[in-house]
Amino acid sequence: MKPTIPALELQYRRDGASLPSVETQFDEIYRFSQVVGSFSPLLHEWYLATGNSETEALQYKAFDAGGASEAARAVVRTKTHGKTDIRSISVWNGANSDEESAGMTSICMTVGRPDQFTFELRVKPEVNDWKAGADWIQAAVRIWPALFVNFGPAWYSEKKVFKDRPGVSWMLYLPRVLSTKQVPEASALVPVFSADKRQAGTIIVSITDEAFSDSNPEHVKIANDIEIRLVDQDLLPRYADL
41 MKPTIPALEL QYRRDGASLP SVETQFDEIY RFSQVVGSFS PLLHEWYLAT
91 GNSETEALQY KAFDAGGASE AARAVVRTKT HGKTDIRSIS VWNGANSDEE
141 SAGMTSICMT VGRPDQFTFE LRVKPEVNDW KAGADWIQAA VRIWPALFVN
191 FGPAWYSEKK VFKDRPGVSW MLYLPRVLST KQVPEASALV PVFSADKRQA
241 GTIIVSITDE AFSDSNPEHV KIANDIEIRL VDQDLLPRYA DL
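Sequential numbering of the sequence shown, starting at 41, is according to our numbering.
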């Protein structure tokens with residue numbers, strides 16, 4: 041049986057035709073790290089993922105007290121010098137074992153697919169409360185203008201109904217105002233508000249009474265039913281249209 045590894049994934053499009061500055065991209069990751077850091081001591085320190093060996097990957101702290109470290113910024117500037125179409129920044133928590141590992145990756149592009157951010161964690165305690173994932177999604181939406189955000193087991197993508205669209209998994213954010221009439225299968229619908237207090241979107245939660253498992257057929261069925269319901273109403277976008 042594959043392990044349940046919680047993962048958050050979002051895609052978004054940034055204004056402008058050029059890559060953001062290295063400082064901006066780091067600052068976005070740092071802001072998200074400040075939110076998830078309260079979940080576990082294993083999410084307090086982050087290192088720039090620079091190489092294949094553990095020694096290399098522990099060489100540069102990603103952040104200091106005020107944000108991205110100058111050393112980390114300098115490494116990324118050097119590695120991406122002259123590249124104007126794509127930049128990827130990855131950080132990890134420096135864990136000694138796979139069972140305690142966590143990582144964040146930000147990929148920005150000027151052509152093709154939208155920019156994306158991912159967060160994966162295997163740390164203790166396990167994520168058993170859906171509200172933790174919902175809080176992280178709301179924080180992510182405040183940082184990035186998300187076209188969608190989903191949170192749940194990393195392997196759920198193998199079980200979603202539509203391979204060309206985001207899956208619901210444990211929960212899915214869409215920048216739409218949704219009602220229980222539109223998504224009756226959802227266990228909860230969480231409104232997400234913008235800075236001007238207007239509803240910017242909705243988090244669709246498939247399971248609220250326990251942690252979502254992609255090994256539980258009932259959980260998968262509920263998520264799949266929500267996906268079908270959304271597609272029937274033209275509410276679940278295709279990746280190609282994002």
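Beta carbons: idealized from backbone N, C-alpha and C, even for Gly.
Source: prediction; values computed, not measured.
Alpha carbon of residue i to alpha carbon of residue j, nearest angstrom
i    : j    : result
M41  : S58  : Confidence is the limiting factor: at M41 the pLDDT is only 42, short of 50, which leaves the residue's position unreliable, though a coordinate-based value still follows. Roughly 43 Å between the two C-alpha positions.
R182 : S234 : 8 Å
G143 : L214 : 24 Å
A263 : K200 : 8 Å
R117 : E258 : 47 Å
N256 : L212 : 18 Å
D274 : V208 : 15 Å
S227 : R113 : 42 Å
R269 : K261 : 12 Å
E140 : R162 : 5 Å
E110 : V223 : 47 Å
I177 : F79  : 14 Å
P277 : D254 : 22 Å
V271 : L48  : 22 Å
S93  : L82  : 20 Å
Simplified DSSP assignment, three categories, for residue i
i    : result
P81  : helix
S197 : helix
T220 : coil
V208 : coil
G192 : strand
P46  : strand
M41  : Because M41 sits at a pLDDT of 42, beneath the cut-off of 50, its placement in the model cannot be relied upon, and the point is left open.
A174 : helix
A179 : helix
A293 : There is no way to answer for residue 293, as the model of the chain reaches only from 41 to 282.
A280 : helix
Q51  : strand
Proximity winner among the options, relative to residue i (alpha-carbon distances)
i    : options                   : result
A102 : V62, E139, D138 and E140  : V62
R153 : L50, R113, V217 and H84   : L50
P60  : T95, R71, A240 and S146   : S146
L229 : R216, I243 and Q222       : I243
V232 : A186, E85 and E110        : A186
Y52  : V151, E166, P193 and E94  : V151
A179 : R54, G122, D55 and E68    : E68
E160 : G56, D281 and V76         : V76
G56  : V245, M149, D175 and E267 : M149
Range covered by the beta strand (DSSP E) that runs through residue i
i    : result
T158 : D155 to L161
F146 : Here residue 146 is Ser; the residue named in the question, Phe, does not match the sequence. Taken as a continuous stretch (DSSP letters only), the beta strand (DSSP E) holding S146 covers A142 to M149.
Start-to-end residues for the alpha helix (DSSP H) that takes in residue i
i   : result
D67 : V62 to V76
List in chain order: all unbroken alpha helix (DSSP H) runs of 4+ residues lying wholly within the segment 98-139. 110-119
In chain order, which beta strand (DSSP E) runs of at least 3 residues are fully inside the segment 220-274? 228-233 and 239-245
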